[in-house]
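Comments concern the structure below.
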Amino acid sequence: MQNTSKQYDAVVEECRNLFVKKMSDYGSAWRILRLPSLTDQIFIKAQRIRQLQENTERKVDEGERSEFIGIINYSIMALVQLELGVVEQPDLSTEKATELYNKHIKITKELMENKNHDYGEAWRDMRISSLTDLILQKLLRVKQIEDNQGKTLVSEGIDANYQDMINYAIFAMIHISESDN
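Taking the numbering used here, the leading residue of the sequence shown gets 111, the next gets one more, and so forth.
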């Protein structure tokens, strides 16, 4: 489990570094995006990963790794939007956005650690394609919840689904790193 924590932190560091660099380039323009827009961005990333996994020919020289990073960062943005709400104009400094990023990734990692304990690191025996499918399933759930104006009868809310997508994407990136070595 300690190795998982270090691997998780390494993936998060890579994702956070890209997030901060993009904040420097674009500011917090993403703050105007409504949740369904963020969900759709994540969906596009997950669909592309699935296509990369199923097709042997690639016309764009980008692999799964960059798409999983996108899933993680867009999911963090969605969690921030859930917390703060959507705005009409960008309103976060890089420092404040990074603080919120760290807050949400900490909560998400704690969720992973609790589930990882209970499930005995079962994700380590899963294929990356299965993790991709689980992300897509979570996205379809989120879309349904959004279509129901955020109301659920017995299911967990949108935030838990975004957190699960982050964790599945991080697990996939750990698998990719392990296969590269």
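Heads up, the beta-carbon is just placed ideally off N, CA and C, and yes, glycines get one too.
> Which residues in the same chain have their Cβ closer than 8 angstroms to the Cβ of Ile215, if we skip the five residues on either side of it in sequence?
Replying inline: Val122, Arg126, Ile186, Ile276
>> Which same chain residues end up closer than 8 angstroms to Leu246 when comparing Cβ atoms and leaving out the 5 residues on each side of it in sequence?
In response: Phe153, Ala156, Gln157, Arg160
> For Glu198, which residues from the same chain have a beta carbon less than 8 angstroms from its beta carbon, with the 5 sequence-adjacent residues on both sides left out?
Replying inline: Ile142
>> Can you find the residues in the same chain that come closer than 8 angstroms, C-beta to C-beta, to Thr149, ignoring five residues on each side of it along the sequence?
In response: Ala188, Leu249, Val252, Lys253, Glu256
> Can you give the Cα-Cα distance for Glu164 and Ser138, rounded to whole angstroms?
Replying inline: 34 angstroms
> Can you give the beta carbon distance from Leu221 to Gln191, rounded, assuming they're within the 8 angstroms contact cut?
Replying inline: Incorrect: roughly 19 angstroms between the Cβ atoms, too far for contact.
> Do the CB positions of Glu124 and Ile179 come within less than 9 angstroms of each other?
Replying inline: For Glu124 and Ile179, yes; Cβs fall inside 9 angstroms.
> Is Pro200 helix, strand or coil when you go by DSSP?
Replying inline: Residue state for Pro200 is assigned as coil, using DSSP reduced to three classes.
> What alpha helix (DSSP H) runs, 4 residues minimum, are completely inside the stretch 122-180?
Replying inline: If we require 4 residues or more, the alpha helix (DSSP H) runs fully inside the stretch 122-180 come out as 145-164.
> If you follow the alpha helix (DSSP H) that Asp235 is part of, which residue opens it and which one closes it?
Replying inline: Unbroken run through Asp235: none, as it is neither H nor E.
> When you compare only the Cα positions, how much space is there between Lys219 and Arg234?
Replying inline: 16 angstroms
> Roughly how many angstroms lie between the CA atoms of Glu205 and Tyr136, to the nearest whole one?
Replying inline: 14 angstroms
> To the nearest angstrom, how far is it from the Cα of Ser287 to the Cα of Leu194?
Replying inline: 34 angstroms
> What separation, rounded to the nearest whole angstrom, lies between the Cα atoms of Asn271 and Thr166?
Replying inline: 30 angstroms
> Are any of the Cβ atoms in chain D nearer than 9 angstroms to that of Gly137?
Replying inline: Chain labels in this structure do not include chain D; a single protein chain is all it has.
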